[in-house]
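Novice: Chains as they are written, first to last, in my numbering: chain A, 2 to 184; chain B, 4 to 238.
1. Would you call the region 119 to 138 of chain A in contact with the region 171 to 180 of chain A, where contact means no fewer than 3 C-beta pairs closer than 8 Å?
2. Helix, strand or coil: how does DSSP classify residue 131 of chain A here?
3. Classify residue 5 of chain A: buried if its beta carbon has 16 or more other beta carbons within 10 angstroms, exposed otherwise.
4. Kindly list, in the order they appear in chain A, the residues whose Cβ is closer than 7 Å to that of residue 76 of chain B.
5. Any Cβ of chain A within less than 7 Å of the Cβ of residue 30 of chain B?
6. Within the continuous alpha helix (DSSP H) that includes residue 60 of chain A, where are the two ends?
7. Tell whether a beta-carbon distance below 7 Å holds between residue 124 of chain A and residue 155 of chain A.
8. Any idea what DSSP makes of residue 63 of chain B, helix, strand or coil?
9. Counting only Cβ pairs nearer than 7 Å, list the residues of chain B close to residue 167 of chain A.
10. Here's the rule I'm using: 16 or more other beta-carbon atoms within 10 Å means buried, otherwise exposed. How should residue 75 of chain B be labelled?
11. Quick one: using the 10 Å Cβ neighbour count with 16 as the cut-off for buried, is residue 134 of chain A buried or exposed?
12. So is residue 25 of chain B in contact with chain A if we call contact Cβ pairs under 7 Å?
13. By alpha-carbon positions, which one of B/7, B/78, B/79 ends up nearest to residue 42 of chain B?
14. Leaving out the 5 sequence neighbours to the left and right, which residues in its chain are closer than 8 Å to residue 46 of chain B when beta-carbon positions are compared?
15. Are the C-beta of residue 99 of chain B and some C-beta of chain A separated by less than 7 Å?
16. Cβ closer than 8 Å: which chain B residues qualify as neighbours of residue 150 of chain A?
17. Where does residue 36 of chain B fall in DSSP's three states?
18. Might you give, ordered along the chain, the residues of its own chain that have their beta carbon closer than 7 Å to the beta carbon of residue 168 of chain A, omitting 5 neighbours on each side?
19. Taking buried to mean at least 16 other C-beta atoms within 10 Å of its own C-beta, is residue 57 of chain B buried or exposed?
20. Going by DSSP, what residue range makes up the alpha helix (DSSP H) through residue 66 of chain A?
21. Ordered along the chain, which non-local residues of its own chain (more than five positions away) have a Cβ less than 6 Å from that of residue 59 of chain B?
22. Write down the C-beta distance between residue 30 of chain A and residue 143 of chain A rounded to the nearest angstrom, noting that I regard them as a contact closer than 8 Å.
23. Helix, strand or coil for residue 52 of chain B, going by three-state DSSP, please let me know.
24. Got a sec: which bits of the region 49 to 66 of chain B sit with their beta carbon under 8 Å from any beta carbon on chain A, in order along the chain?
25. Starting from the C-beta of residue 19 of chain B, find all residues in its chain whose C-beta is less than 7 Å away, skip the five residues before and the five after it, and write them out in chain order.
26. DSSP on residue 123 of chain B, reduced to helix/strand/coil?
27. Distance cutoff 7 Å, beta carbons only. Does residue 226 of chain A sit that close to anything in chain B?
28. Take residue 20 of chain A and list the residues in its own chain whose beta-carbon comes closer than 6 Å to its own, dropping the five residues that flank it on each side.
29. Are residue 148 of chain A and residue 159 of chain A close, meaning C-beta to C-beta below 7 Å?
30. Taking buried to mean at least 16 other C-beta atoms within 10 Å of its own C-beta, is residue 80 of chain A buried or exposed?
31. What's the C-alpha gap between residue 3 of chain A and residue 36 of chain B?
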């Protein structure tokens with residue numbers, strides 16, 4: 002992957018515009034997903050992922066390849082998301098362009114309703130996490146990155162990245178204790 | 004091993020972060036303690052739930068429009084670039100053209116603004132440039148790309164102070180040593196380090212625009228231009 006990324010970058014820097022298109026196609030979903038998990042808002046995720054690629058386009062010639070393209074790209078996305086969260090994100094609402102899986106009341110399934118409630122409670126608990134904790138947890142749980150790489154992305158020490166992750170999981174555990182007990 | 008002790012290591016166990024001897028102790032405890040085994044199981048269930056938390060899939064049209072929309076923004080940016088550059092340069096020129104004594108004055112005013120609010124508790128950092136860890140060279144300089152105080156040493160004091168994010172020059176800081184490194188990166192500090200000894204911190208929820216009101220319009224513009232360089236924007 003790393004070599005393939007560098008090859009794309011070389012092509013782009015050599016004037017092949019299609020290489021950038023390919024890079025975007027390869028990475029757009031993971032970038033969007035990361036931005037969504039941080040903001041939990043589809044419009045914000047779209048804007049931030051586009052802004053991230055815009056920055057990639059403008060700065061690819063300055064990417065020094067000491068880290069992988071993923072690390073560099075994630076760092077851009079995370080910084081944008083953290084700045085965005087710091088400014089105060091817009092409230093969460095479903096987008097017309099977004100396919101939301103809503104429980105169908107006609108099915109009358111209590112289990113399905115409970116599942117929906119559980120997802121919403123989880124979403125609220127994640128939204129309540131401090132941004133750095135949310136970032137560490139997202140990169141660890143959903144992107145399966147080691148703490149060292151998370152630290153590199155967030156510009157913090159590895160020990161701090163671990164502590165953020167542990168605090169995030171413990172906070173969720175405290176907030177969602179009743180699920181398991183009720184279940 | 005007591006339950007309290009085992010409980011505090013469960014996440015480390017799951018992350019395979021425990022040294023072998025310690026791991027064996029915790030595993031041994033879990034074999035005989037139902038409560039702790041249940042707690043471990045609860046963490047595992049929780050993480051499974053988090054992993055299953057879906058990202059709503061945008062419509063196919065969203066993805067069809069993603070790249071064209073991005074390209075449009077790139078083209079727009081290219082056509083606006085000279086104006087942006089000019090605006091940035093004007094800001095820089097006005098900063099440079101500002102009389103030197105006033106620069107120091109505004110810098111002190113700026114620092115004072117940032118000094119006003121300090122973190123509660125023990126996070127009071129002195130701008131000790133000798134002790135502050137050296138910032139790591141950034142791989143690129145544009146907004147959003149890098150965070151500048153990479154790999155600050157993790158101290159016991161830092162551990163105690165963690166948990167409340169603060170912003171220095173528009174960047175998140177969550178431990179004391181990192182804060183010292185971040186402060187060190189403020190260009191002002193070099194000019195006035197001898198006169199000010201305290202850390203400059205503002206709360207994430209605060210708005211520096213409120214504090215700018217005490218400055219003249221010209222001073223405000225200069226300060227805004229400076230802050231913009233630190234990835235903070237009033238917009």
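Cβ atoms here follow ideal geometry from the backbone N, Cα and C, with glycine treated the same way.
Specialist: Considering the structure as presented:
1. yes
2. If DSSP states are grouped into helix, strand and coil, residue 131 of chain A belongs with coil.
3. exposed
4. 51, 55
5. For residue 30 of chain B, not one C-beta of chain A is nearer than 7 Å to its own C-beta.
6. 43 to 60
7. Annotated as distal: residue 124 of chain A and residue 155 of chain A, with beta-carbon spacing of 7 Å or more.
8. helix
9. 14
10. So residue 75 of chain B counts as exposed.
11. buried
12. no
13. Put simply, of B/7, B/78, B/79 the residue whose alpha carbon is nearest the alpha carbon of residue 42 of chain B is B/7.
14. 13, 14, 17
15. Note that residue 99 of chain B scores 42 on pLDDT, short of 50, meaning its location in the model is unreliable; the coordinates nonetheless yield the value given after this. No, because no Cβ of chain A sits closer than 7 Å to the Cβ of residue 99 of chain B.
16. Near residue 150 of chain A there are no residues of chain B at all, since even the closest Cβ is about 13 Å away, more than 8 Å.
17. Three-state result, residue 36 of chain B: coil.
18. 134
19. exposed
20. Neither: residue 66 of chain A is in no alpha helix (DSSP H) and is coded neither H nor E.
21. none
22. Going by Cβ atoms, the distance from residue 30 of chain A to residue 143 of chain A rounds to 12 Å, so no, they are not a contact pair.
23. helix
24. 49, 50, 52, 53, 54, 56, 57, 58, 59, 60, 61, 62, 64, 65, 66
25. Within the same chain, residue 19 of chain B has no close Cβ partners at all.
26. Summary for residue 123 of chain B: the model assigns pLDDT 35, below 50, so the residue's position carries little reliability, and this model does not support an answer.
27. The displayed coordinates of chain A run from 2 to 184. Any statement about residue 226 of chain A would go beyond what the structure contains.
28. 9, 12, 13
29. Note that the C-beta distance between residue 148 of chain A and residue 159 of chain A is below 7 Å.
30. buried
31. 46 Å
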